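Sequential numbering from 1 applies to the sequence shown in UniProt numbering.
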Amino acid sequence: MPQGQPSVVPDDGLTTRQRRNRPLLIVHTGIGKGKSTAAFGLALRAWNQGWPIGVFQFVKSAKWKVGEENALKVLGASGEGGPVAWHKMGEGWSWVQRDAQLDNEEKAREGWEQVKRDLAAETYKLYVLDEFAYPMHWGWVDPAEVVSVLRDRPGTQHVVITGRNAPPELVEAADLVTDMSKVKHPMDAGQKGQKGIEW
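The following block contains the structure:
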């Protein structure tokens, strides 16, 4: 496999290995499809390395069964890679904000508190905070606090955050940011989501 070469080698006193093994904060944002899918692809790589994985879905109901959840739970229980824990923090709300969100707002805050506890305990090697950009965008969770907690997290814990409208301070703090743009989507032609593609 070809080895990527960085375009800049910082004068930070770290060895190549130390710099390579630095924990990353990754953000997948933008209006295009594929933000969560990319994060779950990253989780597959982490599973293959034997890393403990914590998935925290901030806008998915416990009733919403997505394909990645089933696949990663089966893989996590197989004993061949890393263990996978799956947490759902919402009650079916989505990026389209609706009325009467107080309960969901509280669940989002509770979810963030759990993430903070797990980071402090170094529970996982990879955290997928799926759709977590929305609670920050809506003012339910303070982006400045999120950046501070993630900047000061102990150990070598990697964190990937997905969702539209990632706050500027989160984007600034992240090591890797991908903005998914939309060129074309079947919904533009009136086609609803379908099994095997959207879930």
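Note that CB positions come from ideal geometry on N, CA and C, so glycine has one too.
The structure displayed is predicted, hence computed values, not measured ones.
For VAL147, is the beta carbon positioned less than 7 angstroms from some heavy atom of the ligand GDP? What this structure holds is no ligand at all, so the ligand GDP is not there to describe.
Contact between the segment 29–39 and the segment 77–89 (3+ Cβ pairs under 8 angstroms): Taking a cut-off of 8 angstroms for Cβ pairs, the segment 29–39 and the segment 77–89 do not touch, as fewer than three such pairs fall below it.
For GLY54, which three-state DSSP category applies? The DSSP-derived three-state label of GLY54 is strand.
LYS88, enclosing beta strand (DSSP E) - first and last residue: Where LYS88 is concerned, the enclosing beta strand (DSSP E) stretches over 84–88.
Name the residue from THR16, ASP130 and VAL9 whose alpha carbon lies nearest to the alpha carbon of VAL159. If we check each option's Cα against that of VAL159, ASP130 comes out closest.
State the beta-bridge partners of VAL128 as determined by DSSP. Beta-bridge pairing links VAL128 to VAL55 and VAL160.
Which residues in the same chain have their Cβ closer than 6 angstroms to the Cβ of MET180, if we skip the five residues on either side of it in sequence? Cβ within range, chain order: GLY30, GLY32, GLY34 and LYS35.
So if DSSP puts HIS28 in a beta bridge, which residue, or which two residues, is it bridged to? Beta-bridge partners of HIS28 (DSSP): THR162 and THR178.
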